[in-house]
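There are 2 protein chains.
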Amino acid sequence: MEPVSANHVKALRRFNRYFTRRIGVLDDHYLGQDRPLGEARLLFEIGPDGASLRELRGRLGLDAGYLSRMIRALEAQGLVRVSVHPTDSRLRMAELTSAGLVEVKEQNRRANGLAEGLLSGLDTRQRDELTTAVAVAERLLRLAAITVELVDGASRDARDCLAAYAADIDERFPEGFDPAALVQPHEASGDSGAFLIAYEEGRPVGCGVLRRIEPGVGEIRHVWVHPAARRLGLARRILLGLERQAVERGYEAVRLDTHAALTEAQAMYRACGYTEIPRYDENVYAAHWFEKRLPHTSD
Amino acid sequence: MEPVSANHVKALRRFNRYFTRRIGVLDDHYLGQDRPLGEARLLFEIGPDGASLRELRGRLGLDAGYLSRMIRALEAQGLVRVSVHPTDSRLRMAELTSAGLVEVKEQNRRANGLAEGLLSGLDTRQRDELTTAVAVAERLLRLAAITVELVDGASRDARDCLAAYAADIDERFPEGFDPAALVQPHEASGDSGAFLIAYEEGRPVGCGVLRRIEPGVGEIRHVWVHPAARRLGLARRILLGLERQAVERGYEAVRLDTHAALTEAQAMYRACGYTEIPRYDENVYAAHWFEKRLPHTSD
DNA sequence: TATTTTCTTTGACTAAAGTCAAAGAAATAT
DNA sequence: ATATTTCTTTGACTTTAGTCAAAGAAAATA
Numbered sequence: 001m002e003p004v005s006a007n008h009v010k011a012l013r014r015f016n017r018y019f020t021r022r023i024g025v026l027d028d029h030y031l032g033q034d035r036p037l038g039e040a041r042l043l044f045e046i047g048p049d050g051a052s053l054r055e056l057r058g059r060l061g062l063d064a065g066y067l068s069r070m071i072r073a074l075e076a077q078g079l080v081r082v083s084v085h086p087t088d089s090r091l092r093m094a095e096l097t098s099a100g101l102v103e104v105k106e107q108n109r110r111a112n113g114l115a116e117g118l119l120s121g122l123d124t125r126q127r128d129e130l131t132t133a134v135a136v137a138e139r140l141l142r143l144a145a146i147t148v149e150l151v152d153g154a155s156r157d158a159r160d161c162l163a164a165y166a167a168d169i170d171e172r173f174p175e176g177f178d179p180a181a182l183v184q185p186h187e188a189s190g191d192s193g194a195f196l197i198a199y200e201e202g203r204p205v206g207c208g209v210l211r212r213i214e215p216g217v218g219e220i221r222h223v224w225v226h227p228a229a230r231r232l233g234l235a236r237r238i239l240l241g242l243e244r245q246a247v248e249r250g251y252e253a254v255r256l257d258t259h260a261a262l263t264e265a266q267a268m269y270r271a272c273g274y275t276e277i278p279r280y281d282e283n284v285y286a287a288h289w290f291e292k293r294l295p296h297t298s299d
Numbered sequence: 001m002e003p004v005s006a007n008h009v010k011a012l013r014r015f016n017r018y019f020t021r022r023i024g025v026l027d028d029h030y031l032g033q034d035r036p037l038g039e040a041r042l043l044f045e046i047g048p049d050g051a052s053l054r055e056l057r058g059r060l061g062l063d064a065g066y067l068s069r070m071i072r073a074l075e076a077q078g079l080v081r082v083s084v085h086p087t088d089s090r091l092r093m094a095e096l097t098s099a100g101l102v103e104v105k106e107q108n109r110r111a112n113g114l115a116e117g118l119l120s121g122l123d124t125r126q127r128d129e130l131t132t133a134v135a136v137a138e139r140l141l142r143l144a145a146i147t148v149e150l151v152d153g154a155s156r157d158a159r160d161c162l163a164a165y166a167a168d169i170d171e172r173f174p175e176g177f178d179p180a181a182l183v184q185p186h187e188a189s190g191d192s193g194a195f196l197i198a199y200e201e202g203r204p205v206g207c208g209v210l211r212r213i214e215p216g217v218g219e220i221r222h223v224w225v226h227p228a229a230r231r232l233g234l235a236r237r238i239l240l241g242l243e244r245q246a247v248e249r250g251y252e253a254v255r256l257d258t259h260a261a262l263t264e265a266q267a268m269y270r271a272c273g274y275t276e277i278p279r280y281d282e283n284v285y286a287a288h289w290f291e292k293r294l295p296h297t298s299d
């Protein structure tokens with residue numbers, strides 16, 4: 001990893017200072033209006049679709065007790081309704097009442113007004129320029145914040161990721177997808193396998209599995225990225241991470257197969273140095289097979 | 001002014017939410033460390049050069065009483081030294097002691113570490129991309145936040161601007177500049193003249209003057225932008241604002257002259273539709289003379 | 001099935017942040 | 001020179017924000 005240049009640091013900090021002290025503060029002020037900022041944020045975060053207390057706690061970084069009391073206060077004001085989660089009765093779900101919804105809509109109206117006021121000082125071309133610049137910045141900041149970690153293939157997060165992966169491709173494959181075709185946890189750990197998860201702010205947003213298929217040859221499977229984290233270049237990062245794991249485990253090559261429907265994936269594999277090879281497995285979902293020779297371990 | 005597109009608003013709000021909730025919060029946390037955030041911010045804002053309480057109050061948006069007490073607390077901790085302003089003894093100046101400086105340096109170290117940590121998740125090319133994007137965003141956000149206002153030519157801000165202008169060009173003209181050559185307040189107001197000031201966050205960062213030189217002809221003078229607000233495109237905005245004032249006052253043309261040293265200014269005038277004309281005044285500092293014909297008032 | 005872990009609530013606090021008004025000293029404006 | 005405005009301090013409060021530990025109920029894991 002290249003050392004970070006002082007100029008890059010300076011530019012980012014400068015922007016950070018400017019943005020948080022000016023826009024951020026203004027925004028908070030508008031969001032809050034007649035209400036403590038904490039409550040206003042909480043209402044906003046519950047949003048029209050509701051959310052579990054667990055999620056709210058995570059997203060806003062609040063103490064459990066503090067959150068519990070704030071929710072109670074909002075409930076007493078008739079803005080929020082709390083119910084037990086349908087499938088996990090430890091969890092409680094918070095939803096906005098109609099009065100709560102009205103208030104959140106008003107928050108949104110004000111915040112939009114703020115953004116409009118800001119943009120109205122620019123001409124159309126400058127507005128486009130600004131929109132593009134913030135989109136680029138957001139994409140890169142998100143990507144920078146996502147970490148790819150090696151986890152136990154049997155862990156909760158790993159299982160959740162595979163379940164999400166299976167559900168996702170079950171929708172995308174015309175013939176559906178049978179979860180029995182997933183790799184087993186024991187294959188994805190230890191000396192011969194690996195399970196990588198990409199985390200964004202504590203939540204898994206992607207995964208990938210390495211397993212052994214024959215001596216000296218690994219197989220990469222189930223590379224998946226959560227819809228909310230697509231188009232950031234994350235799949236490529238996971239793929240590179242799995243290759244590194246394969247090198248560490250002494251593999252000379254990795255293979256993978258892919259479904260005919262996943263054309264973007266195929267393009268990525270080629271761009272990452274994979275070459276198409278003949279069928280090497282019996283996977284009924286596969287239409288293309290790839291291989292990449294790996295460098296030897298340096299250590 | 002064109003209406004603001006919903007997509008632009010959405011993009012800006014989305015970024016705002018992401019940035020303030022993620023980076024902003026992190027930054028505060030790092031800045032604070034063992035110290036209440038308010039105090040930490042105050043120390044940071046005083047900075048190595050010191051600042052008057054008045055300025056700090058404005059920049060941080062604090063209540064006067066609250067600030068006074070916080071400053072006293074920092075003084076008691078040996079981090080800040082307070083003295084009376086040399087020329088205006090209503091004002092008090094806060095400066096960091098050496099212990100305060102050490103603490104601010106430590107804050108900076110931590111904040112740099114945060115930015116470095118962020119950037120280290122990107123490759124060099126992505127870092128460049130991010131740096132460019134945030135620079136563009138900052139420039140446009142600043143520009144959007146600057147308002148150009150018509151003020152009384154005799155007001156405090158107007159006089160301060162002209163003084164700053166005079167000091168600035170006195171440095172830039174090889175022969176210096178005599179403030180007696182400035183327009184008089186009464187020329188820059190009422191039916192025949194105008195004084196525009198560009199304000200950024202309440203502080204004047206630029207100005208421009210319109211006065212009458214003969215029937216139907218106005219003259220634009222003293223278009224100036226504070227060094228900290230240059231390269232934003234502000235001079236052009238002031239110039240356009242003055243032309244609008246001239247149209248409102250029924251002028252058919254505006255003229256202006258410029259010093260040989262100010263080549264960028266000449267380029268801007270040409271780009272804004274001015275054409276060079278023969279000498280029309282006795283201004284000893286002028287080397288080029290320009291004119292622009294104005295459209296008639298529509299109302 | 002027994003044990004852990006997860007999630008929420010409650011009690012008992014503390015610290016930080018902020019508000020408002022009165023008053024005095026200096027500078028500016030008229 | 002008088003009136004007005006600006007700047008800061010002080011007193012007297014209120015709200016918000018946050019912390020920590022204990023405990024009970026469900027779910028997940030071994």
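Chains B and R are the protein sequences, given in the same order.
So for the first sequence, the working numbering puts the first residue at 1; every next one is plus one.
So for the second sequence, the working numbering puts the first residue at 1; every next one is plus one.
Even for Gly, the Cβ is constructed at its ideal location relative to N, Cα and C.
All of these numbers come straight from a predicted model, not from anything done at the bench.
Please confirm if R:Leu-19 has its CB atom under 8 Å from at least one CB of chain B.
-> Reading the second sequence from its first residue, position 19 is the one you call residue 19 of chain R. Before going further, note that residue 19 of chain R is Phe rather than Leu in the sequence given. Taking Cβ atoms only, chain B reaches closer than 8 Å to R:Phe-19, which makes this a yes.
Bridge partners of R:Phe-195, per DSSP?
-> Taking the first residue of the second sequence as position 1, residue 195 of chain R is located at position 195. Paired residue(s): R:Val-151, R:Val-209.
Can you name, in chain order, every residue of its own chain whose Cβ lies under 6 Å from the Cβ of B:Leu-119, other than the five neighbours on each side?
-> Here residue 119 of chain B is taken as the residue at index 119 of the first sequence, counted from 1. Cβ neighbours of B:Leu-119 beyond the five flanking positions: Arg-127.
Rounded to whole angstroms, what's the CA-CA distance from R:Ala-271 to R:Trp-289? Just pull it up for me.
-> Walking along the second sequence from the start, residue 271 of chain R turns up at place 271. Walking along the second sequence from the start, residue 289 of chain R turns up at place 289. A straight line joining the alpha-carbon of R:Ala-271 with that of R:Trp-289 spans about 15 Å.
Looking at chain R, which residues of the region 100-125 of chain B have a Cβ within less than 7 Å of any of its Cβ atoms?
-> Per Cβ criterion, the list reads Ala-111, Asn-112, Ala-115, Glu-116, Leu-118, Leu-119, Ser-120, Gly-121, Leu-122, Thr-124.
Report back the beta-carbon spacing between B:Ala-188 and B:Val-205 to the nearest angstrom; my notes put them in contact at under 8 Å.
-> Here residue 188 of chain B refers to the residue found at position 188 when the first sequence is read from its first residue. Here residue 205 of chain B refers to the residue found at position 205 when the first sequence is read from its first residue. About 18 Å separates the beta carbon of B:Ala-188 from that of B:Val-205, a gap too long to meet the 8 Å contact definition.
By a C-beta neighbour count over all protein chains shown, 10 Å radius and 16 as the cutoff for buried, is B:His-29 buried or exposed?
-> Working through the first sequence from its first residue, we reach residue 29 of chain B at position 29. Taking all protein chains in view, the Cβ of B:His-29 is surrounded by fewer than 16 other Cβ atoms within 10 Å, so the residue is classified as exposed.
Just the chain R side, please: which residues come within less than 8 Å of B:Arg-13 by C-beta, in chain order?
-> On the first sequence, position 13 is the one that residue 13 of chain B refers to. Ala-111, Asn-112, Ala-115, listed in chain order.
N- and C-terminal bounds of the alpha helix (DSSP H) containing B:Ser-5 = For the purposes of this step, residue 5 of chain B is identified with residue 5 of the first sequence, where counting begins at 1. Premise fails: B:Ser-5 is in no alpha helix (DSSP H) and is neither H nor E.
Do the region 162-171 of chain B and the region 138-152 of chain B touch if we need at least three Cβ pairs shorter than 8 Å?
-> No, because fewer than three Cβ pairs between the region 162-171 of chain B and the region 138-152 of chain B fall closer than 8 Å, the two stretches do not touch.
Limits of the unbroken alpha helix (DSSP H) element including R:Val-25 | Counted from its first residue, the second sequence places residue 25 of chain R at position 25. Boundaries of the alpha helix (DSSP H) harbouring R:Val-25: 25-32, taken from the DSSP string.
Chain R contact residues for B:Thr-258, given Cβ-Cβ distances below 9 Å | Within the first sequence, numbered from 1, the residue matching residue 258 of chain B stands at position 258. For B:Thr-258, there are no C-beta contacts with chain R under 9 Å, since the nearest C-beta of that chain is about 26 Å from it.
Taking buried to mean at least 16 other C-beta atoms within 10 Å of its own C-beta, is B:His-222 buried or exposed?
-> Locating residue 222 of chain B in the first sequence gives position 222, where the first residue counts as 1. The residue is buried, with at least 16 neighbouring Cβ atoms inside 10 Å.
Within chain B, the residues that R:Asp-27 reaches when beta carbons sit closer than 9 Å | Position 27 of the second sequence, counting from 1, holds the residue named residue 27 of chain R. Close partners of R:Asp-27 in chain B (Cβ separation under 9 Å): Arg-13, Asn-16, Arg-17, Thr-20.
State the start and end residues of the unbroken beta strand (DSSP E) segment that holds R:Asp-178.
-> Against the second sequence, residue 178 of chain R aligns to sequence position 178. Taken as a continuous stretch (DSSP letters only), R:Asp-178 belongs to no beta strand (DSSP E), as it is neither H nor E.
Kindly indicate which residue of B:Gly-113, B:Arg-231, B:Gln-184 has the alpha-carbon position closest to the one of B:Arg-211.
-> Indexing the first sequence from 1 puts residue 211 of chain B at position 211. It is B:Gln-184 whose Cα lies nearest to the Cα of B:Arg-211.
What are the uninterrupted segments assigned as beta strand (DSSP E) that are 3 or more residues long and contained completely in the region 76-102 of chain R, given in chain order?
-> The region 76-102 of chain R contains these whole beta strand (DSSP E) runs: 80-84, 92-96.
Do you know how far the Cα of B:Leu-62 is from the Cα of B:Gly-38?
-> As a working mapping, residue 38 of chain B is identified with position 38 in the first sequence. As a working mapping, residue 62 of chain B is identified with position 62 in the first sequence. CA-CA distance, B:Gly-38 to B:Leu-62, rounds to 10 Å.
Chain-order list of residues whose beta-carbon lies under 6 Å from that of R:Gly-241 (same chain, five-residue window excluded) | Position 241 of the second sequence, counted from the start, is the residue given in the question as residue 241 of chain R. Val-148, Leu-196, listed in sequence order.
Span of the alpha helix (DSSP H) holding R:Asp-170?
-> The residue labelled residue 170 of chain R in the question sits at position 170 within the second sequence. First-last of the alpha helix (DSSP H) with R:Asp-170: 156-172.
Checking contacts by CB at 8 Å: is B:Ala-198 closer than that to chain R?
-> Within the first sequence, the letter at position 198 stands for residue 198 of chain B. No, no contact with chain R.
Note down the Cα distance separating R:Asp-34 from R:Arg-109, rounded to an integer number of angstroms.
-> Here residue 34 of chain R refers to the residue found at position 34 of the second sequence. Here residue 109 of chain R refers to the residue found at position 109 of the second sequence. Distance between the alpha carbons of R:Asp-34 and R:Arg-109 is about 15 Å.
Coil, strand or helix - R:His-222 by DSSP | What you label residue 222 of chain R is simply residue 222 of the second sequence in a count that begins at 1. Here R:His-222 sits in strand by DSSP.
How about R:Glu-103 and B:Val-9: do their beta carbons lie closer than 8 Å?
-> Here the question's residue 103 of chain R lines up with position 103 in the second sequence. Here the question's residue 9 of chain B lines up with position 9 in the first sequence. No, they are not a contact pair.
Which whole-angstrom value describes the C-beta separation of B:Glu-138 and R:Phe-177, a residue pair presumed to lie in contact below a C-beta threshold of 8 Å?
-> Taking the first sequence and counting its residues from 1, the one referred to as residue 138 of chain B is at position 138. Taking the second sequence and counting its residues from 1, the one referred to as residue 177 of chain R is at position 177. 46 Å between Cβ atoms; not a contact.
Using a C-beta cutoff of 8 Å, does B:Leu-140 count as contacting chain R?
-> Translated into positions along the first sequence, residue 140 of chain B becomes position 140. Yes, because at least one Cβ of chain R sits closer than 8 Å to the Cβ of B:Leu-140.
Which residues in chain R sit within 7 Å of B:Glu-129, going by Cβ to Cβ distance?
-> If you number the first sequence from 1, residue 129 of chain B lands on position 129. Residues of chain R with a Cβ closer than 7 Å to the Cβ of B:Glu-129 are, in chain order, Val-136, Leu-140.
Out of R:Cys-161, R:Val-134, R:Leu-140, point me to the one whose CA is closest to R:Val-225's CA.
-> In the second sequence, residue 225 of chain R corresponds to position 225, counting from 1. Out of R:Cys-161, R:Val-134, R:Leu-140, the CA that lies nearest to the CA of R:Val-225 is found in R:Cys-161.
Would you kindly work out how many angstroms separate the C-alpha atoms of B:Ile-46 and B:Pro-278, rounded to a whole number?
-> Translated into positions along the first sequence, residue 46 of chain B becomes position 46. Translated into positions along the first sequence, residue 278 of chain B becomes position 278. Rounded to the nearest angstrom, the two C-alpha atoms are 51 Å apart.
Which residues, in chain order, does the region 224-254 of chain R contribute to contact with chain B at a C-beta distance below 9 Å?
-> Listed in chain order, the positions of the region 224-254 of chain R with a beta carbon within less than 9 Å of a beta carbon of chain B are Gly-233.
Determine, using beta carbons only, whether R:Val-84 comes closer than 8 Å to chain B.
-> If you number the second sequence from 1, residue 84 of chain R lands on position 84. Chain B, which has no Cβ nearer than 8 Å to the Cβ of R:Val-84, makes this no.
Pull up the distance between the alpha-carbon of B:Glu-175 and that of B:Glu-276, whole angstroms please.
-> In the first sequence, the residue the question calls residue 175 of chain B occupies position 175. In the first sequence, the residue the question calls residue 276 of chain B occupies position 276. B:Glu-175 and B:Glu-276: Cα-Cα distance of roughly 24 Å.
Have a look at R:Leu-74, R:Arg-142, R:Asn-112 and flag the residue whose alpha-carbon is nearest the alpha-carbon of R:Gly-352.
-> Examination of residue 352 of chain R is not possible in this model, given that chain R is present from 1 through 299 alone.
Taking only beta-carbon atoms, is R:Gly-24 less than 8 Å away from chain B?
-> If you number the second sequence from 1, residue 24 of chain R lands on position 24. Interface residue, yes.
B:Asp-128: first and last residue of the uninterrupted alpha helix (DSSP H) it sits in = As a first step, residue 128 of chain B must be located in the first sequence, where it is residue number 128. Unbroken alpha helix (DSSP H) run through B:Asp-128: 124-145.
Examine the ligand ZN and report whether any of its heavy atoms sits within less than 7 Å of the Cβ of B:Arg-125.
-> The model on display carries no ligand, and the ligand ZN is accordingly not part of it.
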